[in-house]
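J.: Take this structure, written in structure tokens, and hold onto it; I'll ask about it next.
Numbering (our numbering), first residue to last: 16 to 154.
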């Protein structure tokens, strides 16, 4: 299956790309120094990944799109997920985001210690720009 939208890590040693096969999304981690080696695959399930950003060399920010119902109509819901390679754990980056628009990455610090995002705190509010620091300080 095809690898899409590759992104090089800040140190230049790894490449992350997306792969969707039979409705299942995977992250494909490639060794940039040995691209013919078997890549590491991380299955993320039946969710759409809109964009991938490196946050330092050991974490990824995943802009994901899920679905929910609003007044009986299915609508896309965006969220920002932090994925940590060391622990293989993931968590929502902005726990205050409860709107449809939930985490477009505007900037990530070079060391991955903070990010600037745009998201909605409530369903019917205008998205606001936020600097997330605490969310990046934990492993």
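The C-beta atom is built at its ideal place from N, Cα and C for all residues, glycine as well. Values in this document were obtained by computation on a predicted structure and should not be read as measured data.
#1: Given this structure, state the Cα-to-Cα distance separating residue 159 from residue 114, to the nearest angstrom.
#2: Check whether the Cβ atoms of residue 61 and residue 38 lie closer than 7 Å to each other.
#3: State the DSSP-derived secondary structure class of residue 151, mapped to helix, strand or coil.
#4: Quick one: grab the DSSP three-state call for residue 25.
#5: Tell me which residue opens and which closes the beta strand (DSSP E) that residue 91 is part of.
#6: Do residue 118 and residue 143 have their CB atoms nearer than 7 Å?
#7: Output needed for residue 140: all residues of its chain with C-beta closer than 8 Å, excluding positions within five of it in sequence on either side, in chain order.
#8: How many angstroms separate the CA atom of residue 29 from the CA atom of residue 86?
#9: Work out the CA separation of residue 148 and residue 35 for me, nearest whole Å.
#10: Could you tell me which of 98, 151, 112 sits nearest to residue 67, measuring between CA atoms?
#11: Just tell me which of 109, 18, 124 has its CA closest to the CA of residue 50.
#12: Which of helix, strand or coil does DSSP assign to residue 19?
T.: Once the coordinates are examined:
#1: Missing from the structure shown is residue 159; the chain here goes from 16 to 154 and no further.
#2: Within the chain shown, numbered from 1, the residue matching residue 61 stands at position 46. Within the chain shown, numbered from 1, the residue matching residue 38 stands at position 23. In this structure, residue 38 lies closer than 7 Å to residue 61 by Cβ.
#3: Stepping through the chain shown from its first residue, residue 151 is reached at position 136. Helix, per DSSP.
#4: Position 10 of the chain shown, counted from the first residue, corresponds to residue 25. It is coil, neither helix nor strand.
#5: By one-based count along the chain shown, residue 91 stands at place 76. Counting along the chain, the beta strand (DSSP E) containing residue 91 begins and ends at 88 to 99.
#6: Sequence index remark: in the chain shown, residue 118 carries index 103 (1-based). Sequence index remark: in the chain shown, residue 143 carries index 128 (1-based). No, the Cβ-Cβ distance between residue 118 and residue 143 is not below 7 Å.
#7: Numbered from 1 along the chain shown, position 125 holds the residue referred to as residue 140. Same-chain partners within the cutoff: 114.
#8: Start at 1 with the first residue of the chain shown, and residue 29 comes out as number 14. Start at 1 with the first residue of the chain shown, and residue 86 comes out as number 71. Spanning the two alpha carbons is a distance of roughly 43 Å.
#9: Along the chain shown, read from residue 1 onward, the residue named residue 35 stands at position 20. Along the chain shown, read from residue 1 onward, the residue named residue 148 stands at position 133. Those two C-alpha atoms are separated by around 31 Å.
#10: Indexing the chain shown from 1 puts residue 67 at position 52. Nearest C-alpha to residue 67: 98.
#11: Sequence index remark: in the chain shown, residue 50 carries index 35 (1-based). Ranking 109, 18, 124 by CA distance to the CA of residue 50 puts 18 first.
#12: The residue given as residue 19 occupies position 4 in the chain shown. Strand.
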